[in-house]
Amino acid sequence: MAPAPLSLPAAELIQEVFSCVLYGIYLVTLGMAGRILLTTESGRWRRASEIRWVLVAVSILLFVNTTLDLTMATITLMQAFILYTGPGGPTHVFEHSSGYQTITKSICVVVQSLTGDGFLIYRCWILYNRSKLVLGCGAILWFTNLACATRAIVLLTQASQGLILSSPIQPWMQSFWSLTIAINILATSLIVLRIWLVERENKRYRIGVESTQTHSPPPKSALSRAMRNIVESGMIYTVASILTLGAYTANSNLLYPFSAIELQSVGITFNLILIRGSTTATQQQHSKRDHTLSTSVPFNFRNFYSRTTAETRVPVSLELERATQMSQIDTPYY
1 MAPAPLSLPA AELIQEVFSC VLYGIYLVTL GMAGRILLTT ESGRWRRASE
51 IRWVLVAVSI LLFVNTTLDL TMATITLMQA FILYTGPGGP THVFEHSSGY
101 QTITKSICVV VQSLTGDGFL IYRCWILYNR SKLVLGCGAI LWFTNLACAT
151 RAIVLLTQAS QGLILSSPIQ PWMQSFWSLT IAINILATSL IVLRIWLVER
201 ENKRYRIGVE STQTHSPPPK SALSRAMRNI VESGMIYTVA SILTLGAYTA
251 NSNLLYPFSA IELQSVGITF NLILIRGSTT ATQQQHSKRD HTLSTSVPFN
301 FRNFYSRTTA ETRVPVSLEL ERATQMSQID TPYY
């Protein structure tokens, strides 16, 4: 006999449990990320000119939005299981809660996802030297996603029952999550590709020096660790979005816990990128205070008074400043 489908009250309770557990993890990572954003390595408070205000603004927005969503979910549960004593029990409250709680929770999920997508597009734009093509393509996808979400929220306010799985809303939210997954995969792939190209370019200058200094395999560079960090963070967000889309497509109440995981994963992955990126940058500074390689590069100086060419080897210092900056891409430098 097939198992009974997950009931709506059970799905709401599971959502609340997941939200509370993940919110606790989020607060811990937020404290660590906030310390990185607001203080230096020595513990001194950063001056206003030293603070990355874009990151601070995104952190505040994610915190307010996540907290608001959890608050609305808690209020809804209290109304369903404690305050309401009429017919139908908690199920009646959840099926007819088309008031401000359901609308606010839906808006919070949309805002959280759009913020994460927008931040990915912004990072990609910065990495590609503020390319208009990258910004234009990303903006088209992002605003299309915003339009789908707006239409879904409008339909939710007009629904007789406050169910986000109702038939008129489903196509719009399926489109929304499909675009979210596409934006995340495309932006993450472009970021990793850019870092990989720089790493391949810098590797040509490192490999000769490292091979003469030691016979052991060279350690992974900061750029390699940055790529791994970005891929892992992107996978967490992408998997959560895929689960949410699958629940929408299957018309399953699992949508509620999956959407809670997705919402919390945006803030957690954002903080983890800051934390792990800062750790990578600190290790890089400690291991190589002076990130400079000195080598000899042949320069040909042609004698214009003869047909002979004199080859002279000139010591050239290859400043790997660009590599150092790129190695901190997961501690966004903008």
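Under full-length UniProt numbering, the first residue of the sequence shown is numbered 1, with each subsequent residue one higher. Even for Gly, the Cβ is constructed at its ideal location relative to N, Cα and C. Remember, predicted model here, so these are calculated numbers, not experimental data.
The C-beta distance from residue 268 to residue 26 rounds to 5 Å, short enough to fall under 8 Å.
Shown here for residue 90: same chain residues with a beta carbon closer than 6 Å to its own, the five before and five after excluded, namely 9, 80, 81 in chain order. Closest option to residue 233, judged by alpha-carbon separation, among 174, 92, 191: 191. Check the Cα spacing between residue 122 and each of 139, 62, 228: the tightest is with 139. For residue 45, no alpha helix (DSSP H) run applies, since DSSP gives it neither H nor E.
The DSSP-derived three-state label of residue 40 is coil. By the Cβ criterion, the region 43–59 is not in contact with the region 127–137, since fewer than three pairs of Cβ atoms, one from each stretch, lie closer than 8 Å. Each residue's CA atom was taken as its position, placing residue 109 and residue 57 some 18 Å apart. Setting aside the 5 residues that flank it on each side, residue 185 has no residue in the same chain whose C-beta is closer than 6 Å to its C-beta. In terms of CA proximity to residue 195, 228 leads the group 228, 183, 75, 145. A distance below 6 Å between beta-carbons, with the five flanking residues on each side excluded, links residue 135 to the following residues of its chain, in chain order: 125.
Classified as exposed, residue 158 has fewer than 16 neighbouring CB atoms from the shown chains inside 10 Å of its CB. About 27 Å separates the beta carbon of residue 73 from that of residue 275, a gap too long to meet the 8 Å contact definition. Short of 6 Å from the beta carbon of residue 260, and not among the five residues preceding or following it, lie these beta carbons of its own chain, in chain order: 15, 18, 19.
Within the same chain, Cβ atoms closer than 8 Å to the Cβ of residue 118 are found at 142, the five residues on either side in sequence being excluded. Residue burial annotation: residue 99 is exposed, with fewer than 16 other C-beta atoms found within 10 angstroms of its C-beta. Listed in chain order, the alpha helix (DSSP H) elements of length 4 or more contained wholly in the region 61–96 are 89–95. Counting only unbroken stretches of 4 or more residues, the alpha helix (DSSP H) elements lying wholly within the region 110–175 are 132–158, in sequence order. For residue 229, the uninterrupted alpha helix (DSSP H) segment begins and ends at 222–250. Of the other Cβ atoms in all chains shown, fewer than 16 fall within 10 Å of the Cβ of residue 251; this residue is therefore exposed.
In this structure, the CA atom of residue 78 is about 21 Å from the CA atom of residue 263. Around the CB of residue 87, fewer than 16 other CB atoms lie within 10 Å, so the residue is classed as exposed. If you draw a 10 Å sphere on the C-beta of residue 277, you find 16 or more other C-beta atoms in it, and that means buried. Counting the other CB atoms within 10 Å of its CB gives residue 181 a total of 16 or more, which places it among the buried residues. Across the set 105, 203, 5, 54, the C-alpha of 105 shows the shortest separation from the C-alpha of residue 65. Within the same chain, 112, 116 come within 6 Å of residue 266 by CB-CB distance, once the 5 residues on both sides are set aside. Across the set 187, 59, 222, 172, the C-alpha of 222 shows the shortest separation from the C-alpha of residue 200.
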